[in-house]
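Visitor: If you count the sequence shown from 1, you need to add 33 to reach this note's numbering. Structure incoming, see below.
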Amino acid sequence: MARRTGVTGAGLGFITDFLTSFRQAIKDAGGEYKDILVADPTTETGRVFLAKWAQDVVQAARGTANVFPIWKTIQLGTYRSAKELLEAFEAGGYRVSSWASDILNRVVVSTALTTIDLVVVSVAELGFKDGATFKQICECAFKLGFEFCPVEVGVQLRLQYADQPMGEWLIIAHGPISGSGGVLDVFRVGHDRGGRWLDGGSGYSGSFWSGGNRFVFARRK
34 MARRTGVTGA GLGFITDFLT SFRQAIKDAG GEYKDILVAD PTTETGRVFL
84 AKWAQDVVQA ARGTANVFPI WKTIQLGTYR SAKELLEAFE AGGYRVSSWA
134 SDILNRVVVS TALTTIDLVV VSVAELGFKD GATFKQICEC AFKLGFEFCP
184 VEVGVQLRLQ YADQPMGEWL IIAHGPISGS GGVLDVFRVG HDRGGRWLDG
234 GSGYSGSFWS GGNRFVFARR K
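This is how it looks when you write it as structure tokens:
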């Protein structure tokens, strides 16, 4: 499991930013938080206040959503089988760890060409500066409109991300795959002095990842 230090991007966490915007939206609507609890939607004054508040909250949410823009768009379905994917790895000089190799043959490839938008977010940017479990990370990401990646993303991203910076490691958020020993794994894509890797990491819900680790999710369409 990769352990990286430092916080990238927004750093403050989407949830912290949204709560700040939420409070500001209430103030912009001319009220206080308690007013939300007592506003009467059956009166004209109450309806106007709640409508203004709702509009401001939507705008605030759209603004904070830009913290995590689309990072990369890749193609799926460019190979017909896991065997063809492995041949492409060998031709491109990519490295496959024994951990990744164990689950590579279990990858189900797309039967048609399709594109998918990806976002990258650190554990700290999700509000867990001291780290979090895989389950906590995914639950938070889902609330922000992100989804698990198809398993094929890990393999295709490695092939389509030839210019990955040295020292970068990304964990692909997908439904964990059971390896030959029954261990739940997820793919990792990295670049170190040994080459450009397709690797694996623990996909157990309780697996802990530090704040600096960065995950790849699919953006919901």
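The C-beta atom is built at its ideal place from N, Cα and C for all residues, glycine as well. Just so we're clear, the structure is a prediction, and the values are computed from it rather than from any experiment.
Could you check whether V142 and Y112 sit closer than 9 Å to each other, using their CB atoms as the reference points?
Guide: Yes, these two residues count as a Cβ contact at 9 Å.
Visitor: Between G234 and S240, is the Cβ-Cβ spacing less than 9 Å?
Guide: For G234 and S240, yes; Cβs fall inside 9 Å.
Visitor: My output table needs one value for I136: the three-state DSSP class, helix, strand or coil.
Guide: Three-state result, I136: helix.
Visitor: May I ask you to list the residues that DSSP assigns as paired with V184?
Guide: According to DSSP, V184 bridges with nothing at all.
Visitor: Tell me whether E158 is buried or exposed, calling it buried when 16 or more other Cβ atoms sit within 10 Å of its Cβ.
Guide: So E158 ends up on the buried side.
Visitor: Less than 8 Å between the CB atoms is what I'm expecting for I204 and V249, so what's the real figure, rounded?
Guide: The pair is a contact, with the Cβ atoms about 7 Å apart (cut-off 8 Å).
Visitor: Sort Q193, S238, G187 by Cα distance to V222 and report the nearest one.
Guide: Measuring from the Cα of V222, the nearest candidate turns out to be G187.
Visitor: Could you spell out the range, first to last residue, of the alpha helix (DSSP H) harbouring L118?
Guide: Segment 115-125, the alpha helix (DSSP H) holding L118.
Visitor: Where does F167 sit, in a helix, a strand or coil, going by DSSP?
Guide: DSSP places F167 in helix when its eight states are reduced to three.
Visitor: Using only CA atoms, which one of F101, Y194, G212 lies nearest to V156?
Guide: Minimum Cα distance to V156 is reached at F101.
Visitor: Look up K105 in the DSSP assignment and give the residues it is bridged to.
Guide: Answer is L151, bridged to K105.
Visitor: Give every residue of the same chain whose Cβ lies closer than 6 Å to the Cβ of R128, excluding the five residues on either side of it in the sequence, and list them in chain order.
Guide: Contacts found: G228, W230.
Visitor: In the DSSP assignment, what residue or residues form a beta bridge with D218?
Guide: In DSSP, D218 forms a bridge with I210, S235.
Visitor: For S238 versus T166, is the C-beta distance shorter than 9 Å?
Guide: Yes.
Visitor: With a 10 Å radius around its C-beta and 16 neighbouring C-beta atoms as the bar for buried, classify Q189 as buried or exposed.
Guide: With 16 or more Cβ atoms within 10 Å of its Cβ, Q189 is classed as buried.
Visitor: I need the DSSP call for R229, collapsed to helix, strand or coil.
Guide: In the structure shown, R229 sits in a strand (DSSP, three-state: E or B).
Visitor: Report yes if the CB atom of F175 is closer than 9 Å to the CB atom of G208, and no otherwise.
Guide: Cβ distance not < 9 Å, so F175 and G208 don't count as in contact.
Visitor: Reducing DSSP to helix, strand and coil, say where V249 ends up.
Guide: Reduced to three states, the DSSP call for V249 is strand.
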